[in-house]
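Quick notes on the structure that follows.
Chains as they are written, first to last, in this note's numbering: chain Z, 1 to 423; chain H, 1 to 249; chain C, 1 to 308; chain V, 1 to 375.
As structure tokens, this is what we get:
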């Protein structure tokens with residue numbers, strides 16, 4: 001008995017201490033003063049019956065932990081839990097500790113809708129961190145709009161959406177795509193592009209935007225091929241042969257999931273040495289997380305275009321990487337979406353404190369203009385359209401599974417979910 | 001061909017089937033007259049059962065012709081052949097074990113054979129009377145509500161014969177109807193068969209020579225897919241070729 | 001679409017494309033052989049086949065980590081040991097599953113489908129709990145990921161050759177076991193008449209267990225080989241299951257030669273169509289053609305015509 | 001022997017109990033959210049009932065029922081999507097008045113085969129007709145060629161794969177992997193409100209009973225007995241003068257029609273339709289619902305769908321990281337220990353005791369319930 005009682009709090013304290021150490025910097029940046037719960041009576045800050053008590057506030061985490069998407073979504077769950085722990089270590093939000101209810105979307109869109117409804121209707125969560133694929137977001141969107149929930153969605157995605165109930169913490173397609181294409185045309189003199197993707201909406205829409213940009217805005221550049229393979233496809237030798245035949249300057253690859261691993265392994269085995277950049281491989285779908293499965297040696301020399309790389313050298317990021325590894329293990333890697341998921345709880349915290357209320361309507365009203373100076377990716381700001389202003393970066397994949405950042409936009413790129421001229 | 005003038009119910013001509021080159025039935029011809037009881041005998045593997053399979057459409061012939069009352073059976077589907085008036089009993093008793101004797105007979109009753117006919121089928125008094133009648137013929141009138149699974153082997157054979165009888169076929173084909181029966185059952189079956197072959201043509205495959213003598217009008221001896229000998233039981237028995245390949249060993 | 005290219009380019013591309021088809025063929029053969037044994041010879045519909053393959057892949061992952069950490073000098077050769085261990089691990093799991101589950105279900109083949117589906121869920125979760133939900137990266141020795149330039153345009157991937165050699169080797173081994181050994185005779189005898197086989201003194205219980213074990217073991221080797229060309233994650237096995245079943249069924253379930261012929265025709269069809277059409281449409285068309293042919297010839301390409 | 005009656009005594013009791021559960025018990029103990037969830041589970045039981053007829057009675061195992069469920073659901077979703085895509089609602093699109101996903105895929109006009117779905121009558125007709133026609137084509141092609149057993153199962157599985165890839169690949173016309181989402185009203189009636197959900201639950205229940213009665217009628221007719229006869233002795237049936245293939249085609253089409261209704265109700269209650277319901281995994285799961293319920297029993301099929309889905313939801317809520325062990329274990333346990341599923345447990349264990357308790361002589365159960373599972 002004594003053993004047990006002495007053990008539990010101890011381990012908790014240790015972990016907390018470690019976390020606090022790791023986040024001391026972040027904490028001091030984020031929060032000048034500790035907010036006390038007593039200053040904010042529950043009845044005043046929660047007028048719509050959300051799960052808020054005098055000491056706690058409950059939020060939901062809704063990702064796939066089983067099924068094929070668990071591969072990708074695990075990192076997001078870890079980042080969200082880390083952010084929640086850190087916020088709690090600093091005293092929570094409006095003096096209330098965050099508790100979370102985690103549900104499994106099971107890589108199945110109707111299940112996502114069911115669980116979203118459960119979180120909003122049964123558990124009355126104050127906000128939800130969740131979803132990864134567009135399909136899961138589309139499935140839960142009507143639920144969030146009907147029950148006025150608030151979702152923080154971390155993935156880079158195709159755009160064409162702007163819901164009052166969703167904050168998109170990842171980049172929308174134009175933010176991610178255009179800067180990368182401009183860079184590869186200017187720096188590498190690329191003229192011909194081969195567009196390749198998994199067969200669903202994000203790669204198709206992204207390639208559509210890429211094609212318009214290549215054909216209309218890049219001088220003399222052209223698309224020499226565009227092709228889609230079913231999700232989960234594992235044989236790419238035929239398309240590799242087609243690419244050989246067309247000899248494009250750039251393979252623009254938006255392959256996802258298990259197909260990713262097969263594609264890059266087969267590309268390498270077919271004798272296409274990506275480090276020679278002929279053709280150059282530019283992807284928007286391979287984060288450090290995916291490289292773990294592909295193997296760094298198999299993708300060395302490819303370029304990725306996104307807003308965050310684990311190798312970013314700034315104080316925020318170093319602290320973030322350190323505490324992430326302390327919480328989840330030294331062998332962890334952090335990709336773009338993981339970082340975007342980490343922003344979710346912090347953005348919500350900032351919005352709640354600005355609004356002085358957990359009410360969704362007030363939080364929503366307070367959200368545009370929220371800034372995070374301490375985000376691992378650097379400074380970000382929430383746009384009126386619920387997307388984030390963020391920089392876009394190009395990384396060069398190395399054999400150790402990390403990217404070298406070779407380019408970043410000078411300014412924040414404005415999010416433009418309904419881009420004129422790209423539809 | 002003029003149906004009315006044809007003196008044969010069944011004409012089998014040049015019938016051949018080959019399985020990957022092996023000719024199980026090879027250029028076989030024979031003719032069956034009305035009210036005849038033809039028994040086919042022959043050693044194992046002679047192709048007896050295959051002949052029945054070919055006639056009723058269970059196996060597709062490679063060559064030849066099978067005409068039943070002028071209709072070419074080889075071009076017809078199994079159920080159409082049945083409707084034309086050909087009934088077939090299998091070697092191992094095949095009855096519906098999950099259903100009762102009554103239901104077994106009812107399913108063979110020649111009405112409601114289309115999908116929607118079957119949906120609309122009503123168990124009226126005509127049906128019941130007819131089933132009762134057949135059940136009496138096949139000695140199963142006491143077991144009408146029993147599941148077929150619980151019948152003895154011989155009773156299942158009778159039930160299957162009854163299922164054919166209820167359709168009143170013009171040509172009845174029986175594959176070893178007394179196999180596996182006790183002596184008493186065998187006697188009863190012979191009596192039953194004698195009664196039911198009276199007003200139709202029958203083709204029987206049988207090994208039991210005593211039984212064959214009891215019922216046969218004519219006998220065809222098959223050997224390696226071909227007719228070895230044909231005629232009355234007596235003639236066949238005395239044919240030296242038959243003695244050599246069959247009765248001799 | 002060919003107007004812009006010189007003859008030598010076209011020749012090279014067709015050669016490469018033919019080779020791609022051969023690799024796909026080998027992949028299909030490897031996927032299908034284990035199932036051809038289990039489904040074709042025993043009639044067990046093993047929906048967990050993909051999970052047995054992934055077990056082989058995870059074993060390869062563990063062995064590669066072990067060599068990297070303790071025997072770096074021998075790393076370039078670890079793969080051979082990994083394949084043997086993959087065979088043993090998947091085979092052992094197969095033996096256990098047969099003993100615990102399958103042997104009670106021989107009389108209900110469709111039920112094996114449901115039970116092994118349950119098994120596949122459990123195995124997936126087991127992998128997830130042990131190795132994490134993410135994919136693991138299996139380091140392949142450098143020499144296996146390279147390619148051999150034949151001409152300027154034609155390059156032959158080494159891992160493709162490796163997969164092909166392996167497919168041929170395992171096919172031969174399975175052939176010898178099934179058709180040249182006493183054991184194979186017993187397996188086929190049981191397949192044709194279980195009761196009779198038992199009656200003439202074949203130890204059906206033992207033979208069944210070994211057959212199932214060997215089928216699973218072959219799946220494990222396939223999974224191990226696929227670490228070279230595909231991903232290793234808890235759910236990766238599901239990517240293979242439909243293709244695998246179609247290859248086996250299309251070939252005529254009980255015929256090993258049929259499985260190989262069917263793998264060949266499907267892979268060639270798919271690889272040719274992938275070259276002319278987009279990937280998704282090629283896949284749809286391939287499946288439609290298989291289904292169409294199966295409707296005309298339901299017993300598959302190679303099935304014995306039997307006297308009923 | 002009351003051969004022409006629709007029910008035996010014990011079946012009558014069974015129907016009555018199920019009616020109480022669906023119309024009285026569940027609404028009484030569940031809040032709207034949970035009730036809506038059970039409504040969703042019940043849509044799967046339409047498929048399971050069809051499978052109980054096809055597979056349990058007829059011995060035809062289809063691993064592609066998701067195809068029919070999906071087709072029915074998509075037909076409904078197309079109507080609802082068109083209703084939701086009024087020019088006013090879609091004013092920000094480059095082509096207002098067409099569904100949003102078409103606009104994203106640069107379609108500038110509604111494809112011709114979407115046009116009829118402006119009409120509810122046509123959509124309701126299509127909900128049943130499209131799956132039935134599809135099943136008819138597959139059925140004719142397969143059963144006339146005497147494809148059966150495992151081969152049929154695997155070919156239907158291939159159909160599920162084909163349709164999924166097609167739907168995902170043709171996203172401009174189908175909504176792709178996202179499915180058809182954001183459905184709002186049915187003839188102006190908002191289907192997203194709690195009251196609508198409750199109404200839909202009862203509509204679903206009534207339709208379910210209509211389907212159950214139809215299934216019971218088929219089972220008790222001569223056709224039902226023929227199916228069992230065909231399962232056990234297909235040749236004997238054939239040589240009793242029946243065209244076996246046409247009966248198989250009929251029952252397969254019937255199952256497909258039931259599945260289509262289920263799919264349409266799913267769309268209405270969940271508010272969207274997606275290709276994840278068409279594929280191989282859901283198709284196998286639907287077979288499992290039927291197996292858990294006891295494959296021969298149409299009532300069992302309903303309970304099977306309810307139990308498995310309830311277990312799935314509960315396991316995954318309580319043990320999000322481990323629930324697959326429970327679900328996988330449940331399937332194995334059912335197959336190994338209770339091959340006749342819930343219906344078997346009821347008939348073998350519970351009913352005799354109940355009868356004993358009431359001191360009545362055991363009434364003969366229906367033949368179908370006592371028989372052993374098909375192989």
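Beta carbons: idealized from backbone N, C-alpha and C, even for Gly. Note that the structure is predicted; figures quoted are calculated from it, not measured.
Span separating the alpha-carbon of residue i from that of residue j
i, j, result
"residue 159 of chain C", "residue 205 of chain Z", "34 angstroms"
"residue 233 of chain Z", "residue 129 of chain V", "33 angstroms"
"residue 60 of chain C", "residue 60 of chain V", "40 angstroms"
"residue 327 of chain Z", "residue 82 of chain Z", "7 angstroms"
"residue 9 of chain Z", "residue 79 of chain Z", "Its pLDDT being 34, under 50, residue 9 of chain Z is placed unreliably by the model, and nothing is read from it."
"residue 321 of chain Z", "residue 310 of chain Z", "7 angstroms"
"residue 216 of chain Z", "residue 178 of chain Z", "12 angstroms"
"residue 237 of chain H", "residue 215 of chain H", "15 angstroms"
"residue 178 of chain C", "residue 20 of chain C", "29 angstroms"
"residue 32 of chain Z", "residue 73 of chain Z", "Unreliable placement is indicated for residue 32 of chain Z, whose pLDDT of 46 sits below 50; the coordinate value is still reported in the next sentence. Distance between the alpha carbons of residue 32 of chain Z and residue 73 of chain Z is about 33 angstroms."
"residue 150 of chain C", "residue 169 of chain V", "37 angstroms"
Burial state of residue i (16 or more Cβ within 10 Å)
i, result
"residue 247 of chain V", "buried"
"residue 373 of chain Z", "exposed"
"residue 17 of chain V", "exposed"
"residue 195 of chain H", "exposed"
"residue 340 of chain V", "buried"
"residue 158 of chain H", "buried"
"residue 86 of chain H", "buried"
CB contact check: residue i to chain V, cutoff 8 angstroms
i, result
"residue 106 of chain Z", "yes"
"residue 96 of chain Z", "no"
"residue 79 of chain H", "yes"
"residue 74 of chain H", "no"
"residue 98 of chain H", "yes"
"residue 409 of chain Z", "no"
"residue 82 of chain H", "yes"
"residue 134 of chain C", "no"
"residue 121 of chain H", "yes"
"residue 110 of chain Z", "yes"
Any C-beta of chain H under 8 angstroms from that of residue i
i, result
"residue 247 of chain V", "yes"
"residue 229 of chain V", "yes"
"residue 258 of chain V", "no"
"residue 254 of chain V", "no"
CB contact below 8 angstroms: residue i versus chain C
i, result
"residue 239 of chain V", "no"
Contact between the region 193-207 of chain V and the region 265-284 of chain V (3+ Cβ pairs under 8 angstroms): yes
Please confirm if the region 64-74 of chain V is in contact with the region 279-287 of chain V, defined as three or more CB-CB distances below 8 angstroms between the two stretches. yes
For the region 169-201 of chain Z, which residues have a beta carbon sitting closer than 8 angstroms to at least one beta carbon of chain V? 199, 200 and 201
What residues in the region 213-232 of chain Z bring their beta carbon closer than 9 angstroms to a beta carbon of chain C? 226, 227, 228, 229, 230 and 232
Whether or not the region 80-90 of chain V and the region 182-192 of chain V are in contact is what I'm after, with contact meaning three or more pairs of Cβ atoms, one per stretch, closer than 8 angstroms; do they touch? yes
Please confirm if the region 124-132 of chain Z is in contact with the region 44-55 of chain Z, defined as three or more CB-CB distances below 8 angstroms between the two stretches. yes
Counting Cβ pairs, one atom from each stretch, are 3 or more of them under 8 angstroms apart for the region 156-175 of chain Z and the region 133-144 of chain Z? yes
Within 7 angstroms of chain Z by C-beta, residues of the region 172-190 of chain V in sequence order: 176, 177, 178, 179, 181 and 182
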